[in-house]
Amino acid sequence: MATPDAVTVLKHSLVSPPSSAAATAMSLPLTFPDKLWLHLPPVERLVLYEVPQLSRAHFIEHIIPKLEHSLSLTLQHFLPLAGNLIVPSNSNSGTPEIRYKNGSSVALIIAECTTTDFNYLTANHARNCCDFHPLIPELKPSNEDDSGSTARTTPVLALQVTLFPDCGMSIGISNHHTVRDAGSIFGFMKTWAALSFKFFEDNIVRDDAAATLVSYSPPCYDRTMIKDTKGLGSIFWDQWVLLIKLFQNESSTDTTAKPMTKKVRRSFVISRNNIEKRKSLALQKRPQLVHLSSFTVICAHVWTCLVKCRGPSGEYVDDEEVEYFCCSADCRRRMDPPLPSNYFGNCQTLVRTNEKNGKLIGEEGFPIAVELIGEGIHQRLKNNDSLFDDADKWLLEPAGINMDRLVSVACSPRYNYYNLDFGWEKPKKFEFISIETSGAISLSGSRESDGDIEVGLSLSKPRMDAFTVIFNDRLNSL
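The working numbering numbers the first residue of the sequence shown as 592 and each following residue consecutively.
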């Protein structure tokens, strides 16, 4: 098992946008979709690249300078990511905002790992979650903002590049969910990767290199486009205050600390052929489905397998106990007025459904789950009024349910990290690290085929073993 000293830090770097950046300061007030995620733990991802015979000297002298330079040039288009999230101690002290000022920077850790096998980390079989912790940087908050006022100040982004000598490297990403949703952060990573690729392929060293990225639209930061007609921003703020008071004596308030768990993580690939077979089965059982997609059948398959594996893993669950499912959906183009696809920030709605355990583990469990998830998506996205019609319950309702019975979804195959080529070809492995603490499943594209989907899970070892058998048996039975 990896320990915190499993990596050796070679350098602490602070990367700022170039001095020629047009804006010297920027303040983004949080919209109500941003405030929904205000006090949740950081989102953590890891991208691992195989680079055979990579030496420390080449890594330090050639790769890191180009990564730092391309990162700096990328940040001039993503200034808020070099800033901080400022959260006042109470509503009378102001409103939360993302603040960037001249000289703000992103912390970039350069490290080396010689104690953990690179091939072990990039495999699909079960691996200890703790072995990945040293590869992810922390977002460390303080209790004072840059003006000296009392406020919780947290960097919105931190990065870590770790060398595995003679094997490859990894890029660890930690970001605060409040600053952006999955699409926004992927836009940043895609831009950084594209610019880095140009440096390594064309040996570009000019400061105007970012101008060559003509295919990438600059982010839109106009927060006035989101109208809070239901006062949800104030509702979310008040509910977070209540939740913090409720749980402050039960758990640490430090949401950045990485827990030492006994969980393992594993990836499962569902082929395009199996996805189409699951769609056909769903239509055979439920011909009147209002919404059917690859997403709904994959989620239904994983949800029912997770419910069914509890018994074989030694857990007793009554048939009458309620199981819950939740996912988010991008709603930029459904807002009034519609938001541009390059809007930088959160613009998601939540889809929630539930069913009794006994129904989901039965013969009709899969088509029932497909119908429930599809109907939930259809009802939520059918018009503008339905997007946030019960959003005032989103934060408080989970406090009253058994969270072990909740399956949620992180990431989306739309944002395929396997397409991020920094100049060393496609990643060998992508991991959504923070599902370990959130309990979610992750969905991403596959490295090998555009039509395949990779599912990531983090479970106890007995439950992962039981899930693996049920997951594979159900796919192979088609």
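Think of the CB as a built atom: it goes at the ideal place given N, C-alpha and C, for glycine as much as any other residue.
If you're wondering where the values come from, they're calculated on a predicted model, not measured in any experiment.
Should residue i go down as buried or exposed, given a rule of 16 or more other Cβ atoms within 10 Å for buried?
i: K1020; result: buried
i: G1036; result: buried
i: K836; result: exposed
i: H892; result: buried
i: P931; result: exposed
i: P608; result: buried
i: G905; result: exposed
i: E792; result: exposed
i: I677; result: buried
i: M780; result: buried
i: T844; result: Residue confidence for T844 is low, a pLDDT of 46 falling below 50, so the modelled location carries little weight and cannot support an answer.
i: D995; result: exposed
i: V961; result: buried
i: R924; result: exposed
i: R647; result: exposed
i: I992; result: exposed
i: N675; result: buried
i: L1050; result: buried
When the Cα atoms are used, what is the spatial distance from residue i to residue j?
i: T1028; j: N766; result: 15 Å
i: A717; j: K1052; result: 8 Å
i: G965; j: D1064; result: 24 Å
i: L666; j: L672; result: 7 Å
i: D829; j: P989; result: 16 Å
i: H969; j: I866; result: 20 Å
i: R857; j: N719; result: 9 Å
i: T852; j: N974; result: 42 Å
i: P643; j: V600; result: 21 Å
i: K1017; j: C938; result: 29 Å
i: A784; j: D910; result: 49 Å
i: L786; j: L874; result: 44 Å
i: Y907; j: F777; result: 40 Å
i: E825; j: V881; result: It should be noted that the sequence gives Ser, not Glu, for residue 825. About 35 Å.
i: I861; j: T713; result: 18 Å
i: K602; j: H649; result: 15 Å
i: F669; j: P810; result: 7 Å
i: V697; j: P687; result: 20 Å
i: S808; j: L664; result: 15 Å
i: R1054; j: Y1009; result: 28 Å
i: M816; j: G822; result: 15 Å
i: V805; j: S661; result: Confidence at V805 is low in this model, with a pLDDT of 43, below 50, so the placement of that residue should be treated as unreliable; the coordinate-derived value is given next. Roughly 15 Å separates the two Cα atoms.
i: A1057; j: Y711; result: 21 Å
i: C896; j: L997; result: 13 Å
i: C1002; j: N681; result: 32 Å
i: E954; j: N734; result: 54 Å
i: P742; j: D596; result: A quick correction: the sequence has Ala, not Pro, at residue 742. Rounded to the nearest angstrom, the two C-alpha atoms are 31 Å apart.
i: L1048; j: I1026; result: 7 Å
Could you pull out every residue in the same chain whose Cβ sits closer than 7 Å to the Cβ of residue i, ignoring the five residues on either side in sequence?
i: P1004; result: L1034, S1035, G1036 and I1044
i: L730; result: P633, T745, P746, A749, S765, H767 and T847
i: L987; result: Q830
i: W1015; result: Y640 and V642
i: S1040; result: R863
i: V888; result: I866, R869, K870, A873 and V961
Check each candidate in the options and name the one with the smallest Cα separation from residue i.
i: I1024; options: V913, D1012 and P725; result: P725
i: L645; options: K870, L639, A749 and C758; result: C758
i: M760; options: P989, V598, Y1006 and V942; result: V598
i: K692; options: M617, L664 and T887; result: M617
i: N864; options: G1042, L699, G1014 and G953; result: G1042
i: D927; options: L883, P810, D819 and A1001; result: D819
i: R636; options: E652, L629, P728 and A702; result: P728
i: S977; options: G956, L941, G953 and F957; result: L941
i: Q879; options: P958, K868 and K854; result: P958
i: C721; options: T707, A773 and P656; result: T707
i: V606; options: L621, V1046 and I700; result: I700
i: Y1006; options: T782, R877, F838 and V832; result: T782
i: D983; options: F827, N715, L629 and R690; result: F827
Which residues in the same chain as residue i place their Cβ atom closer than 6 Å to its Cβ, once the five residues preceding and following it in sequence are excluded?
i: F755; result: C704 and F709
i: I762; result: V638 and V752
i: L631; result: H768
i: S999; result: C917 and A1031
i: R901; result: V908
i: G949; result: D910
i: T615; result: N693
i: T1059; result: none
Keeping to the same chain, check which residues put their C-beta closer than 8 Å to that of residue i; ignore five residues upstream and five downstream.
i: R797; result: Note that R797 has pLDDT 49, beneath the 50 cutoff, so the model's placement of it is unreliable and the number below is only indicative. Cβ within range, chain order: n/a, list empty.
i: F935; result: F669, P671, R771, S775, G778, P810, C811 and Y812
i: K868; result: L1069
i: K899; result: L951, I952, G956 and I1061
i: N715; result: R857, S858, F859 and V860
Can you find at least 3 beta carbon pairs, one from the stretch 609-628 and one from the stretch 757-771, that sit closer than 8 Å?
-> Note that the stretch 609-628 touches the stretch 757-771; at least 3 beta-carbon pairs, one per stretch, sit closer than 8 Å.
Assess, as a yes-or-no matter, whether the stretch 944-963 is touched by the stretch 912-930 under the definition of 3 or more beta carbon pairs within less than 8 Å.
-> Contact between the stretch 912-930 and the stretch 944-963 is present: 3 or more CB-CB pairs across the two stretches fall below 8 Å.
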